[in-house]
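Okay, so here's the structure we're looking at.
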Amino acid sequence: MTRHSVMITPDSVMVNGKPLAHKENGAALLTELYRTYVGDYPKFFKMDTLCKLGFVASELLLQAEGEPRFVPREDRAVILFNRNASLQADTAYQATIQDPDNFFPSPAAFVYTLPNIVTGEIAIRNKYYGETSFFVMENDDASVISRQLVNAFQDPKTLSILNGWVDCFDEDHFEAHLFILDKLPTYDILEF
Amino acid sequence: MIVKVSDNIISPLGMSTAENYAAVKEGRSELQRHDGLWGLPEPFTASLMNREAVNEMAKQKGIDDQYTFFEKMIVLSVAKALEQTSIDPASDKVLFILSTTKGNVFLLDKRETGFPAERVRLGMAAKQMTDYFHNPNAPIVVSNACISGVCAQIQAMRELESGNFDYVITVGADVQSAFIVSGFQSFKALSVDPCKPFDANRSGLNLGDASATIIFTRRDSVSENDWVAFRGAIRNDANHISGPSRTGEGSYRALRAVLGDLNPEKLAFINTHGTATLYNDEMESVAIERAGLARVPVNGLKGYYGHTMGAAGILETILSMQAIDDCNILATKGFETIGVTHPLILSNQNQPTDKRAFIKLLSGFGGCNAALLMAKGGAV
Chain V
1219 MTRHSVMITP
1229 DSVMVNGKPL
1239 AHKENGAALL
1249 TELYRTYVGD
1259 YPKFFKMDTL
1269 CKLGFVASEL
1279 LLQAEGEPRF
1289 VPREDRAVIL
1299 FNRNASLQAD
1309 TAYQATIQDP
1319 DNFFPSPAAF
1329 VYTLPNIVTG
1339 EIAIRNKYYG
1349 ETSFFVMEND
1359 DASVISRQLV
1369 NAFQDPKTLS
1379 ILNGWVDCFD
1389 EDHFEAHLFI
1399 LDKLPTYDIL
1409 EF
Chain B
-3 MIVKVSDNII
7 SPLGMSTAEN
17 YAAVKEGRSE
27 LQRHDGLWGL
37 PEPFTASLMN
47 REAVNEMAKQ
57 KGIDDQYTFF
67 EKMIVLSVAK
77 ALEQTSIDPA
87 SDKVLFILST
97 TKGNVFLLDK
107 RETGFPAERV
117 RLGMAAKQMT
127 DYFHNPNAPI
137 VVSNACISGV
147 CAQIQAMREL
157 ESGNFDYVIT
167 VGADVQSAFI
177 VSGFQSFKAL
187 SVDPCKPFDA
197 NRSGLNLGDA
207 SATIIFTRRD
217 SVSENDWVAF
227 RGAIRNDANH
237 ISGPSRTGEG
247 SYRALRAVLG
257 DLNPEKLAFI
267 NTHGTATLYN
277 DEMESVAIER
287 AGLARVPVNG
297 LKGYYGHTMG
307 AAGILETILS
317 MQAIDDCNIL
327 ATKGFETIGV
337 THPLILSNQN
347 QPTDKRAFIK
357 LLSGFGGCNA
367 ALLMAKGGAV
């Protein structure tokens, strides 16, 4: 069984370990990936960088998985991790309220000042009614992350998890490593 | 089973669980109108801490001004919850889980210069806390919008079920700032008057400062007075990032998941999110009706505290446990006339109960919803 994976950095894209050709870097890379591999979801252009990154990475991942798309399901969770939470959106929103003489708090910016919005965007796109969770930690620590993922299978409804690290510092500095993890029988042992 | 060992609430209504419960039972609130606070052009109503009192109490614990106000709130709440136990927080068998949405976000304001910029990262704020207690484990921060406090408890249950730790300390907090208040104002989500959950004339939510802690452990057998975290579930609406589902999809599914084959007659009440926005309260009524729970009493506590964000799920769970210990269903302050499509059993007066279980329900931005079934004595 292939363990599907997608990795995106400002200057590289890998799907299942193989490089994906692209022309752009940084913020423009995410738009290029959207136009080349998705194209039919204009809400993309409203998203903050974290959501754009998580969205295109999840699209590439689910295309690689090759299962039927957009079928309502409750057995797949979306559990993501990062370091900077919603820092890029927070900074963008702060700019709308920083100057008392030019005070224009923007609801369109404020809505993205929560890191878990990206899990919601992926759930909406794919009609996933299962668990969505977002965790923030200083380091991309594989042992802590895998512990959380194994724990999540204690919910008997959850049979697979779209998971991984999705972090962005600003519009041009970001990193995503996404995977799909299926429930294995051995996880049940860990419940007791 | 996963059992509550200890708890604490720090809020404008008191510095302990007992003080907070007594205040709420008496119907008190510190929701007040603020004009011109933090340079905000529009007035707002919120339940805010006396920051000098927190600073003074922190100083007594050796928590100096190298800690932000947010960090003082979480460290103090955990310290007060630990005081009632013999747990060594420095043990590697103790895990800290922090529930927050915005942590030290005020540090993004260019006028704030007293702290290193890195402390805006939630993991760094959490590390301030674990360093204070000399705990060696990487703290987990749950940042799932308004449902974070219930998610943190579900996470604690899972870590303990897995046998990874002996104790999990879950602490939830948010402190209000120009960032948060102006954002909710821009959404037109705030009421300028004290909020009125589920009421026909409700017009939005109020915000509040609070921190709250529950310490959990795992036991093979429980006594009749032990509070057991029985079952939790998190589900998504898969509908909209900033508006609840009209069918209450995620809350309905979370409620069904925690109910299992439980007879709803066993439930004393459902403690709702009850923010007093038009859409949230309507959605909850739909979800509760769909889940077959329309005959279970419901209440909401935002009329006492406002929406305390990362603290809400923990604070409201603690008060619900206290209420059942006191054979009481707490009044929904601010509620007068039912204003949701599906009639719910609500009261603005405390009501007696002899039942021993409740469900805590929350929903939040990102379409997320969470439910937690708590049972006294573990039998439901």
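Chains V and B supply the protein sequences, listed in that same order.
According to the numbering used here, the first sequence is numbered sequentially starting from 1219.
According to the numbering used here, the second sequence is numbered sequentially starting from -3.
For glycine and all other residues, C-beta sits at the position ideal for the given N, C-alpha and C.
If you're wondering where the values come from, they're calculated on a predicted model, not measured in any experiment.
Identify the contact partners of residue i in chain B, using a Cβ-Cβ distance below 9 Å as the criterion.
i: V:K1186; result: Since the first residue shown for chain V is 1219 and the last is 1410, residue 1186 of chain V is missing from the structure and cannot be characterised.
i: V:P1318; result: G35, P37
Within the present structure, is the beta-carbon of residue i separated from the nearest heavy atom of the ligand FMN by less than 8 Å?
i: B:N267; result: As presented, the structure is devoid of all ligands, the ligand FMN included, so that no description of it is given.
Can you give the Cα-Cα distance for residue i and residue j, rounded to whole angstroms?
i: V:E1409; j: B:S158; result: Any reading at V:E1409 needs caution, since the residue's pLDDT is 43, under 50, leaving its predicted position unreliable; the model's value is listed next. Rounded to whole angstroms, V:E1409 to B:S158 spans 5 Å at the Cα level.
i: V:I1407; j: B:V164; result: With a pLDDT of 47 at V:I1407, under the threshold of 50, the modelled position of that residue is not reliable, and the figure given next carries that caveat. Approximately 21 Å, taken between the alpha carbons.
i: B:A42; j: V:G1244; result: 41 Å
i: B:T273; j: V:P1403; result: 44 Å
i: B:T313; j: V:T1249; result: 43 Å
i: B:R291; j: B:S182; result: 37 Å
i: B:I320; j: B:T271; result: 22 Å
i: B:N202; j: V:P1333; result: 22 Å
i: B:T166; j: B:Q62; result: 23 Å
i: V:Q1312; j: V:C1386; result: 17 Å
i: B:A367; j: V:P1318; result: 41 Å
i: V:P1237; j: V:V1231; result: 6 Å
i: B:I211; j: B:L44; result: 25 Å
i: V:F1397; j: V:V1233; result: 10 Å
i: V:N1302; j: B:T349; result: 45 Å
i: B:V138; j: B:M153; result: 14 Å
i: V:A1327; j: B:Q28; result: 28 Å
i: B:E79; j: V:A1282; result: 52 Å
i: B:G362; j: V:A1307; result: 15 Å
i: B:G378; j: V:F1392; result: Residue 378 of chain B lies beyond the residue range present for chain B, which begins at -3 and ends at 376; the question has no answer from this structure.
i: V:S1223; j: V:F1263; result: 24 Å
i: B:H303; j: V:D1258; result: 37 Å
i: B:I70; j: B:W34; result: 22 Å
i: V:R1221; j: B:L369; result: 35 Å
i: B:R286; j: B:Y301; result: 28 Å
Mind pulling the chain B residues with CB within less than 7 Å of residue i?
i: V:G1338; result: N232, I237, G362, G363, C364
i: V:Q1160; result: Since the displayed chain V opens at 1219 and closes at 1410, residue 1160 of chain V lies outside it and no answer follows.
i: V:A1341; result: N232, A234, G363
Chain V partners of residue i, CB-CB under 8 Å?
i: B:M120; result: E1356
i: B:G356; result: A small fix is needed here, since residue 356 of chain B is Lys in this sequence, not Gly. What B:K356 touches in chain V: nothing, since even the nearest Cβ is about 16 Å away.
i: B:A225; result: None at all; the shortest Cβ gap to chain V is about 12 Å.
i: B:I136; result: F1353, M1355, V1362, Q1366
Taking residue i and residue j to be in contact with their CB atoms under 8 Å, please state how far apart those CB atoms are, rounded to whole angstroms.
i: B:L289; j: B:I266; result: 6 Å
i: B:G309; j: B:G145; result: 2 Å
i: B:A208; j: B:N4; result: 7 Å
i: B:V294; j: B:L342; result: 6 Å
i: V:R1287; j: V:L1279; result: That pair is no contact at about 12 Å.
i: B:L156; j: B:T213; result: 7 Å
i: B:C465; j: V:G1338; result: Outside the shown range of chain B (-3 to 376) lies residue 465 of chain B, about which nothing can therefore be said.
i: V:A1360; j: V:A1275; result: Not quite, the Cβ-Cβ distance comes to about 18 Å (not below 8 Å), so this is no contact.
i: B:S316; j: B:K356; result: 6 Å
i: B:G179; j: V:T1309; result: Between V:T1309 and B:G179 the Cβ distance is about 14 Å, and since that is not below 8 Å, they are no contact.
i: B:V50; j: B:W223; result: Not quite, the Cβ-Cβ distance comes to about 27 Å (not below 8 Å), so this is no contact.
Starting from the beta carbon of residue i, find every residue of chain V whose beta carbon is closer than 7 Å, and list them in chain order.
i: B:K89; result: Those do not exist, as B:K89 stays about 14 Å from chain V at its closest Cβ, beyond 7 Å.
i: B:G179; result: Y1311, P1323, F1328, T1331
i: B:E285; result: Those within 7 Å of B:E285 in chain V number zero; the least Cβ separation is about 18 Å.
i: B:N160; result: R1365
Counting only Cβ pairs nearer than 9 Å, list the residues of chain V close to residue i.
i: B:R117; result: R1301, N1302, A1303, L1305, V1354, E1356
i: B:N46; result: None at all; the shortest Cβ gap to chain V is about 25 Å.
i: B:N140; result: L1332, P1333, N1334, T1337, T1350, S1351, F1352, F1353
What residues of chain B sit near residue i, judged by a beta carbon separation below 8 Å?
i: V:E1349; result: A229, I230, R231, N232
i: V:I1315; result: A174, F175, S178
Open item on the list: With a threshold of 8 Å, are at least 3 pairs of Cβ atoms found where one atom belongs to the region 115 to 133 of chain B and the other to the region 75 to 92 of chain B?
Closed with: Judged by Cβ distances under 8 Å, the region 115 to 133 of chain B makes contact with the region 75 to 92 of chain B, as three or more pairs qualify.
TODO: Evaluate contact between the region 329 to 349 of chain B and the region 185 to 193 of chain B, counting only Cβ atoms and requiring at least three cross-stretch pairs below 8 Å.
DONE: The region 329 to 349 of chain B vs the region 185 to 193 of chain B: in contact.
TODO: May I ask you to list, following chain order, the residues of the region 234 to 261 of chain B that have a beta carbon less than 8 Å from some beta carbon of chain V?
DONE: Going along the region 234 to 261 of chain B in chain order, one finds A234, N235, H236, I237, S238, E245, G246, R249, A253 with a Cβ nearer than 8 Å to chain V.
Open item on the list: Which residues of the region 182 to 206 of chain B have a Cβ closer than 7 Å to any Cβ of chain V? Give them in chain order.
Closed with: Those residues of the region 182 to 206 of chain B that come within reach of chain V (Cβ to Cβ, closer than 7 Å) are S182, F183.
TODO: Could you run through the region 1320 to 1339 of chain V and flag, in chain order, every residue whose CB is less than 7 Å away from some CB of chain B?
DONE: Using a CB distance below 7 Å, the part of the region 1320 to 1339 of chain V facing chain B consists of F1321, P1323, S1324, P1325, F1328, V1329, T1331, L1332, P1333, N1334, I1335, T1337, G1338, E1339, ordered along the chain.
TODO: Evaluate the contact criterion for the region 238 to 246 of chain B versus the region 262 to 282 of chain B: three or more CB pairs, one atom per stretch, below 8 Å.
DONE: Contact annotation: the region 238 to 246 of chain B touches the region 262 to 282 of chain B, with at least three C-beta pairs closer than 8 Å.
- [ ] Examine the Cβ distances between the region 180 to 190 of chain B and the region 219 to 233 of chain B and report whether three or more of them are shorter than 8 Å.
- [x] Flag = no, the region 180 to 190 of chain B and the region 219 to 233 of chain B do not touch.
- [ ] Please confirm if the region 1361 to 1380 of chain V is in contact with the region 1224 to 1244 of chain V, defined as three or more CB-CB distances below 8 Å between the two stretches.
- [x] Contact fails between the region 1361 to 1380 of chain V and the region 1224 to 1244 of chain V, because fewer than three Cβ pairs, one in each stretch, are under 8 Å apart.
Task: Interfacial residues, the region 1360 to 1392 of chain V to chain B, with Cβ spacing under 8 Å - done: Using a CB distance below 8 Å, the part of the region 1360 to 1392 of chain V facing chain B consists of V1362, R1365, Q1366, V1368, N1369, A1370, Q1372, D1373, K1375, ordered along the chain.
Task: Touch test, the region 1285 to 1300 of chain V against the region 1343 to 1357 of chain V, Cβ-Cβ under 8 Å, three pairs minimum - done: Contact between the region 1285 to 1300 of chain V and the region 1343 to 1357 of chain V is present, because at least three Cβ pairs lie under 8 Å.
Task: Given 8 Å, three or more beta-carbon pairs between the region 1251 to 1261 of chain V and the region 1269 to 1278 of chain V - done: With a cut-off of 8 Å, the region 1269 to 1278 of chain V and the region 1251 to 1261 of chain V count as touching, because enough Cβ pairs lie within range.
Open item on the list: Output needed in chain order: residues of the region 94 to 110 of chain B with a Cβ under 7 Å from some Cβ in chain V.
Closed with: Hits within the stretch, in order: T97, V101, L104, D105, K106.
- [ ] Could you run through the region 1252 to 1280 of chain V and flag, in chain order, every residue whose CB is less than 8 Å away from some CB of chain B?
- [x] Flagged: no residues at all.
- [ ] Mind the definition here: the region 92 to 99 of chain B touches the region 140 to 155 of chain B only if three or more C-beta pairs lie below 8 Å; say whether that holds.
- [x] Touching, yes, given that three or more Cβ pairs across the two stretches are closer than 8 Å.
Open item on the list: For the region 1290 to 1309 of chain V, list every residue whose C-beta sits within 9 Å of some C-beta in chain B, in sequence order.
Closed with: Cβ contacts with chain B come from P1290, E1292, A1295, V1296, R1301, N1302, A1303, S1304, L1305, D1308, T1309.
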